[in-house]
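Counting from 100, one number per residue, gives the positions in the sequence shown under our numbering.
Cβ coordinates follow ideal geometry from the N, Cα and C atoms, glycine included.
Before any comments, here is the structure.
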Amino acid sequence: MSFFTNIFNGSENQNDSKTKINWVDLTDLGQLNEIIALSNEKPVAIFKHSTRCSVSRMALKQFENEFDLQDKVTVYFLDLIAYRDVSNEIASRFGVQHQSPQLILIKDGKAFYNASHSDIDAVDLKDKV
100 MSFFTNIFNG SENQNDSKTK INWVDLTDLG QLNEIIALSN EKPVAIFKHS TRCSVSRMAL
160 KQFENEFDLQ DKVTVYFLDL IAYRDVSNEI ASRFGVQHQS PQLILIKDGK AFYNASHSDI
220 DAVDLKDKV
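Shown next as structure tokens:
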């Protein structure tokens, strides 16, 4: 029963779970300018998550389990249900079609790589960094 509890009733906030990722919550459109500036120094990844989707939750947990780029990538977490305007601006500003869940890697102010659904893989991200 704990499997179903974890999948369907698990924490909606990534900070409530045990994770080795030092997430930065993406909640404001102004942060996109910060992401662009930061990406000139170090790659930035944005994980777009739907708190209403079990596929998104599973992709998030898989990514958290595989991620080992703490010092090489700054990782932002977007609850796209709560911050839909930020999600829409990401699609527009970086020229990446909206997906959910979605992982976008930003380098030098541009979307360098993106993956969605079951294609989200921390090992693939490592190869792109």
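Check	Outcome
Would you call glutamine 169 buried or exposed, if buried means 16 or more other Cβ atoms sit within 10 Å of its Cβ?	exposed
Below 8 Å CB to CB, which residues in the same chain sit around isoleucine 180 once its five sequence neighbours on both sides are set aside?	Ser149, Thr150, Arg151
Just the C-alpha distance for serine 138 and serine 155, rounded to the nearest angstrom, thanks.	25 Å
Per the DSSP calculation, threonine 126 is bridged to which residue(s)?	Answer is none; threonine 126 lacks a bridge partner.
Where glutamine 198 and serine 191 are concerned, what is the direct C-alpha to C-alpha distance, given to the nearest angstrom?	13 Å
Please name the residue in Ser217, Ala144, Val195 whose C-alpha comes closest to that of isoleucine 120.	Ala144
Can you pull the DSSP bridge partners for valine 174?	Ala144
Where does alanine 49 fall in DSSP's three states?	Here the chain has residues from 100 to 228 only, and residue 49 is not among them.
Taking the straight line between their C-alpha atoms, what separation do you get for phenylalanine 107 and proline 200?	Legend: pLDDT at phenylalanine 107 = 46, less than 50; position of this residue unreliable, value from coordinates given subsequently. Phenylalanine 107 and proline 200: Cα-Cα distance of roughly 16 Å.
So, for aspartate 178: in the same chain, excluding its five sequence neighbours on each side, which residues have a beta-carbon less than 7 Å away from its beta-carbon?	His148, Thr150
In the DSSP assignment, find the unbroken beta strand (DSSP E) run with serine 191 in it and report its ends.	Segment 183-193 is the alpha helix (DSSP H) holding serine 191; no beta strand (DSSP E) there.
Around the C-beta of asparagine 187, are 16 or more other C-beta atoms found within 10 angstroms, so that it is buried, or is it exposed?	exposed
Expressed to the nearest angstrom, what Euclidean distance is found between the alpha-carbon atoms of lysine 171 and tyrosine 182?	26 Å
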